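Right, one structure below, let's go through it.
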Amino acid sequence: MSRVLPDRGRISPHCKARRHGDYSAYRYGCRCPHARDDRRIYAKRQRQGRAQPAYVDGTGTRRRLQALAVLGWRWTDIADRFGIAWQPVQRLALLNRLVHVDSAARVAAVYRELSVRAGPSPITARRSVAKGWHGPMAWADIDDPTCEPDTADPDAPVVDEWAVSEALAGRLDPSRLADIDLTEAVRQLLADGLRTGQVRYRLRLSFAQVQRAIRSIRTALTTEETRAA
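Just so we're on the same page, this note's numbering is the position in the sequence shown counted from 1, plus 199.
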């Protein structure tokens, strides 16, 4: 199967070529400014014996653009900094393919500029999160295709394991537990095979308290299953 070469997008409105923006596209009729520049650079490197790969893995480029969208930056905001239409930016963000080295470098430069602050569109941010995209802080190495995003919420409450164990041992009044700790205590007892009534007796809880904890447990399980799907 032949590889589909990336298209860096039309800049000149009068260019009728099928692909745009690099040396290969220039050979097939593209006369957009970035195709002319790439041809000039390619010819210079050939003369100097410094041939370099024209295309690189697009993982980092795609993740950077998606991360900016999570921050609220629209494709038009990013495209304006490139001086091009928004459609090529969208394609880079959505397609899993090789990208031109110049495109990767330009996206990385804009990412360094914009990733330190929120963008102007809360709607874009919400839609991007709903698509399952991740912000800058989720990536330990944004260019590594094998890197998995860290989706943990840094502001989420953390279970106090000591308090839970003390409550289960009867040395701490369950009324002193935070909601998240009480839910964890109920979860552990249910996992050990206790019935709802036994859990109530063990922790001296009301029926409403146990039901509230069970709803929290089910919600957490549903969320984990959705993420894994």
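C-beta atoms are modelled at their ideal positions from N, C-alpha and C, and glycine is treated no differently.
Owing to the predicted nature of the structure, the values given are computational and were not obtained by experimental measurement.
The three-state reading of DSSP puts residue 255 in strand, counting E and B together. For residue 401 and residue 328, the gap between their C-alpha atoms comes out near 41 Å. Bounds of the alpha helix (DSSP H) holding residue 363 are 360–367. As DSSP reads the structure, residue 298 sits in a beta bridge with 255.
Secondary structure at residue 389: helix, using DSSP grouped into helix, strand and coil. In the displayed model, residue 420 falls within a helix according to three-state DSSP. With a cutoff of 8 Å on beta-carbon distance, residue 300 and residue 257 are scored as not near each other.
Here residue 349 has 337 as same chain residues with Cβ atoms under 6 Å from its own Cβ, once five neighbours each way along the sequence are excluded. Looking at 370, 218, 359, the one whose alpha-carbon comes closest to that of residue 377 is 359. In this structure residue 292 touches residue 268 by the C-beta definition: roughly 7 Å separates them, less than 8 Å.
Burial check for residue 419: the Cβ neighbour count within 10 Å stays below 16, so the residue is exposed.
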